[in-house]
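Those sequence lines, one after another, are chains V and Z. FYI, my numbering numbers position 64 of the first sequence as 64, with every residue one higher than the one before it. FYI, my numbering numbers position 359 of the second sequence as 1359, with every residue one higher than the one before it. Where is the CB? At the ideal position from N, CA and C, for every residue including glycine. Working notes for the structure below.
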Amino acid sequence: MKKIYSVLVENRSGVLCKVAGLFSRRCYNIDSLAVGETDDPSVSCMTIVSSGDQRTVEQIEKQLNKKLDVIKVKTFDETASISRELMLMKVKYNKGNRRDIMEICEIMRADIVDMSKKTMIIQICDVPEKIQLFIGMMQSISIVEVARTGTLALPKCLESDQ
Amino acid sequence: MLGADAIVKCLEAEGVTYVFGYPGVAICPFYNSILDSEIKTILIRTEQNAAHAASGLARVTGRAGVCAVTSGPGATNVITGIATAFADSIPLVCITGQVDSSLLGSDVFQEADITGAVESFVKYSYLVKDAEEIPRIFKEAFYIANSGRKGPVLIDVPIDVQNAVVTRFRYPQEVNLRTYKPTVKGHTVQIRKVVKELSKAKRPIICAGGGVLLSDAEKELRAFAEKHRIPVVSTMMGIGVMPTRHPMYYGMVGNNGHPYANRAMNESDLLIMVGARVADRAVSQPDLITENKVLVHIDVDPAEIGKNVGPAIPLVGDAKHIIQDFLEEEFTCDHDAWIDVLNGYRSTMGRVRKPNPAYVDPAELIRMLSERMEDDAVYVADVGQNQIWSCNYHIVKNGRFLTTGGMGTMGYSIPAALGVKLADRDRQVVAVCGDGSFQMSMMELATMRQFDVPVKIIVLKNNYLGMVREYQHYTYRDNYSVVDLAGSPDLEKLAAAYDMKFMRLATMERAKETIDAFLQNDEAVLLECLIDPMDLVK
């Protein structure tokens, strides 16, 4: 079972280590992790994607809540959330495949954001599955390196939202 | 005022009476400031025992124990003591000295990243970077240690922060932490649900853990069990929630517990676990305690509920508050038939031992000892076979039974007993250990002598690490590996070296007289009891 945890924490040094340490100590998976400041500079938001059985996903939430640097934990399914990941990919290209690459980028809504005579950097921002699909599409072309942000997510807007 | 003075003022504001510790350069400003205070300092002989002594004190006073050690090895040595307190949910505030903050991270002499190292054994930790923050941090630390699910808090204070000038000292009245608001009151709806189940139940039982003692709820639990005639069993950490001979108490559960206690728990139709973790030694098969019964789990830590077993009725809150709420609810029930069944189990399912007459029988010795101990005496059991015999045969009257059930740290009993005795000098305090666990803490005989702390110590001597030997007996068919304690000191000479009274008991003959003489007078005595090396707890 996959769960997304949106964890609001005190924006202090050492907090990332404490939260990551909790996952390793209790043998919980981290599929991805993204951290950044929120609109309140004293608060950071950690978006953690994890998986496990029902008891594990409940325990993760309880154990996170137990940490004294954790302000709030929101847990949601992928279906109840809007999730995005940003990836930058550097690829080698040549005259023969340049058009193919541009075509794939167009279909996948990726942008070429930097270029040299032999390499280019492609940026794509989409749901994690699409990013995975894009990597698959590009594997026949020579990928030099890849950087991904990890999943960011917020629960979907509801009419009942305040 | 310096940072170090501010720390001492904070401890005074918290009503701290003793600080256990071991100085080194990085904590010297603090130890210099404390000279001007009424707070007494106890030089323990190794840092681990500073935390154990603070734990003993905390467990009988109900307030956080305090220890203060230096940076580097001082701090790393105290980790086992902190981890022990963490596993048993004992409130501690541990102050560690640290190298100059401008040198942090550069691996200078006696630098250790202690806040990083203890992360998984503390409830919370601080690295103080600004001396002006000392009052707030200490106020928070004591509050965190002593509230909700209690536990150790570590405060790491670099030496320059201890030496910095504090311009304004104001100890906060209140703590305001947006991330920490423990639930104390139980949810009314859940309490009603439990009461409804209780009025329906034919075979209810309460399993009380250390949480009941930590929330000081023994009186309430006793009153509740008596009012509705509900049988009570306990975990190891819960021993003492009721006097052992209370008619409604049916002993300790678990793989080292009484068979009748386990049977009582398994045959119940309503099981109320309160302040107990459902850990492996108490409940080896968590699935069994939900089979054919309604499980209610009461704990102040929501993460404990559902961690090992999914209860039908979870109830988060402080044991004392919740049991008080139960007491206010009126309902009728009749458990006479169930109690008759349990009384039958208790009288027929006792353990049968075949003691070797050539030695002291630890079971009989402990029984005799506890009968002769004062009504409110404190019995501190160490870890090993001595612990299991103590759990099974010690008779708690209106005193306390202390041991480490969570971490099972050998050497706990002597320093913990020392902390207990300092906290309450009028109380009789007996530490019972094996010859293995004794040797892990025997350096504290010096502390007892130096500060005149008359703890009575019994060493059950079998020249083996008995618990491991027993395991190797069953698991490796008597292929003993690294359990022989040959080379142990002559305890009579050792006692003489520390100018301590010594007694020896070789068989059960004259046991009564020896125990009487051992307990007589408020003086430190070391009683060596020779027990059968091949004796088993099971």
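Alpha-carbon spacing of M108/V relative to P1152/Z, whole angstroms: Along the first sequence, one-based indexing puts residue 108/V at 108. Along the second sequence, one-based indexing puts residue 1152/Z at 152. Rounded to whole angstroms, M108/V to P1152/Z spans 53 angstroms at the Cα level.
Can you tell me the Cβ-Cβ gap for I1395/Z and S1370/Z, rounded? I've got them flagged as a contact below 8 angstroms. Indexing the second sequence from 1 puts residue 1395/Z at position 395. Indexing the second sequence from 1 puts residue 1370/Z at position 370. Rounded, the Cβ-Cβ distance is 4 angstroms, consistent with contact.
Exercise for review: Report yes if the CB atom of N1077/Z is closer than 8 angstroms to the CB atom of Q1048/Z, and no otherwise.
Suggested key: Within the second sequence, residue 1077/Z is the residue found at index 77, counting from 1. Within the second sequence, residue 1048/Z is the residue found at index 48, counting from 1. Yes, they are a contact pair.
Task: Helix, strand or coil at Q1324/Z according to DSSP, with G and I counted as helix - done: Counting from 1 along the second sequence, the entry for residue 1324/Z is found at position 324. In the structure shown, Q1324/Z sits in a helix (DSSP, three-state: H, G or I).
Strictly under 8 angstroms for the Cβ-Cβ distance: is I30/V near chain Z by that measure? Indexing the first sequence from 1 puts residue 30/V at position 30. For I30/V, the answer is no, since every Cβ of chain Z falls outside 8 angstroms of its Cβ.
Determine whether the Cβ of R1178/Z lies closer than 8 angstroms to any Cβ atom of chain C.
Although the question refers to chain C, the structure presented lacks it and instead comprises the protein chains V and Z.
- CB contact below 8 angstroms: S1234/Z versus chain V: Locating residue 1234/Z in the second sequence gives position 234, counting from the first residue. No - not a single Cβ of chain V is within 8 angstroms of the one on S1234/Z.
- Message: Going by the DSSP bridge assignment, what does R1400/Z pair with across the sheet?
- Response: In the second sequence, counting from the first residue as 1, residue 1400/Z sits at position 400. For R1400/Z, which the question treats as bridged, DSSP gives the partners V1378/Z.
Checklist entry - Considering only residues of the same chain and omitting the five flanking positions on each side of A1083/Z, which have a CB-CB separation below 7 angstroms? => result The count along the second sequence starts at 1 and reaches residue 1083/Z at position 83. So the qualifying residues of the chain are F1121 and M1407.
Coil, strand or helix - H1297/Z by DSSP: The residue given as residue 1297/Z occupies position 297 in the second sequence. Of the three classes helix, strand and coil, the one that applies to H1297/Z here is strand, per DSSP.
Self-check item: Rounded separation between I4/V and S50/V - CA only
Solution: As a working note, residue 4/V is residue 4 in the first sequence. As a working note, residue 50/V is residue 50 in the first sequence. When rounded, the separation of the alpha-carbon atoms in I4/V and S50/V is 6 angstroms.
By the three-class DSSP mapping on this structure, what secondary structure does C1333/Z have? Within the second sequence, numbered from 1, the residue matching residue 1333/Z stands at position 333. Coil.
Counting only Cβ-Cβ distances shorter than 8 angstroms, please list the residues of the segment 45–59 of chain V near chain Z, keeping chain order.
R55, E58 and Q59
Point to revise | Within chain Z, partners of R12/V - CB distance below 8 angstroms | key: Here residue 12/V is taken as the residue at index 12 of the first sequence, counted from 1. Simply none; closest approach about 10 angstroms.
Query - Chain-ordered neighbours of L33/V on chain Z, where CB pairs are closer than 9 angstroms - result: To locate residue 33/V, count along the first sequence from 1; it is residue 33. The contacting residues do not exist; L33/V stays about 17 angstroms from chain Z at best.
Should F1331/Z go down as buried or exposed, given a rule of 16 or more other Cβ atoms within 10 Å for buried?
The residue you call residue 1331/Z lines up with position 331 of the second sequence. F1331/Z is exposed by the Cβ-count criterion.
Cβ atoms of A1112/Z and G1072/Z: under 8 angstroms apart, would you say? The sequence position of residue 1072/Z within the second sequence is 72, counting from 1. The sequence position of residue 1112/Z within the second sequence is 112, counting from 1. It is a contact, given that the beta carbons lie within the stated cut-off.
| request: Determine the direct distance from the alpha carbon of E1119/Z to that of L16/V, and round the result to whole angstroms. | output: Within the first sequence, the letter at position 16 stands for residue 16/V. Within the second sequence, the letter at position 119 stands for residue 1119/Z. For L16/V and E1119/Z, the distance between alpha carbons rounds to 12 angstroms.
Would you say A1303/Z faces chain V, with C-beta separation under 8 angstroms as the test?
Indexing the second sequence from 1 puts residue 1303/Z at position 303. Yes, because at least one Cβ of chain V sits closer than 8 angstroms to the Cβ of A1303/Z.
- Where do the N-terminal and C-terminal ends of the beta strand (DSSP E) with F76/V fall, by residue? To locate residue 76/V, count along the first sequence from 1; it is residue 76. Counting along the chain, the beta strand (DSSP E) containing F76/V begins and ends at V70 to F76.
G986/Z: contacting residues in chain V (beta-carbon distance under 8 angstroms):
Examination of residue 986/Z is not possible in this model, given that chain Z is present from 1001 through 1538 alone.
Taking 8 angstroms as the CB-CB cut-off, is R25/V touching chain Z? As a working note, residue 25/V is residue 25 in the first sequence. By this cut-off, R25/V is an interface position.
Quick check: is the beta carbon of K18/V nearer than 8 angstroms to any beta carbon in chain Z?
If you number the first sequence from 1, residue 18/V lands on position 18. Chain Z places a beta carbon closer than 8 angstroms to that of K18/V, counting this residue as a contact.
Here's the rule I'm using: 16 or more other beta-carbon atoms within 10 Å means buried, otherwise exposed. How should T1514/Z be labelled? Residue mapping note: residue 1514/Z aligns to position 514 of the second sequence, counting from 1. Buried, because 16 or more other Cβ atoms sit within 10 Å of the Cβ of T1514/Z.
| Taking the alpha-carbon positions, what's the P1357/Z to T1507/Z distance? | Taking the second sequence and counting its residues from 1, one reaches residue 1357/Z at position 357. Taking the second sequence and counting its residues from 1, one reaches residue 1507/Z at position 507. Whole-angstrom Cα-Cα distance: 7 angstroms.
Those runs of the alpha helix (DSSP H) which lie wholly inside the segment 15–86 of chain V and span at least 4 residues: 15–25 and 54–66
Practice task
Go ahead and label G1105/Z buried or exposed: buried means 16 or more other beta carbons lie within 10 angstroms of its beta carbon, across all protein chains shown.
Solution key: Indexing the second sequence from 1 puts residue 1105/Z at position 105. Exposed is the call here.
In terms of residues, what are the limits of the alpha helix (DSSP H) holding R1504/Z? Within the second sequence, numbered from 1, the residue matching residue 1504/Z stands at position 504. First-last for R1504/Z: K1501 to L1505, but that is the beta strand (DSSP E), not the alpha helix (DSSP H).
Run down chain V in chain order and give the residues with a C-beta less than 7 angstroms from the C-beta of S1120/Z. Counting from one through the second sequence, the residue named residue 1120/Z turns up at place 120. For S1120/Z, the chain V residues whose C-beta falls within less than 7 angstroms of its own C-beta are G21 and R25, listed in chain order.
- Item | Candidates M1373/Z, V1459/Z and G1466/Z, of which the one nearest P1489/Z by Cα | Here residue 1489/Z refers to the residue found at position 489 when the second sequence is read from its first residue. When each option's Cα is compared against that of P1489/Z, the closest is V1459/Z.
* Could you work out which residues of chain V lie near I1144/Z, taking near to mean beta carbons separated by less than 9 angstroms? => In the second sequence, counting from the first residue as 1, residue 1144/Z sits at position 144. By Cβ distance, chain V contributes L68.
message = Quick check: the segment 1093–1105 of chain Z against the segment 1127–1145 of chain Z, are at least 3 beta-carbon pairs closer than 8 angstroms?
response = yes
Proximal residues of chain V, C-beta to C-beta of Y1124/Z below 7 angstroms
To locate residue 1124/Z, count along the second sequence from 1; it is residue 124. The contacting residues are L68.
| task | With a 10 Å radius around its C-beta and 16 neighbouring C-beta atoms as the bar for buried, classify M1/V as buried or exposed. | result | Numbered from 1 along the first sequence, position 1 holds the residue referred to as residue 1/V. Classification of M1/V: exposed, given that the 10 Å Cβ count is below 16.
Notebook entry, point to check: From Q132/V to S160/V, what does the alpha carbon distance come to, in whole angstroms?
Noted result: Here the question's residue 132/V lines up with position 132 in the first sequence. Here the question's residue 160/V lines up with position 160 in the first sequence. If I take the Cα positions, the gap works out to 34 angstroms.
Next on the checklist: Beta-carbon within less than 7 angstroms of A1278/Z's beta-carbon, same chain only, minus the 5 sequence neighbours each way: which residues are those?
Outcome noted: If you number the second sequence from 1, residue 1278/Z lands on position 278. Going by the sequence as given, residue 1278/Z is Val instead of Ala. Excluding residues within five positions, the ones whose Cβ falls inside 7 angstroms are P1286, N1308 and V1309.
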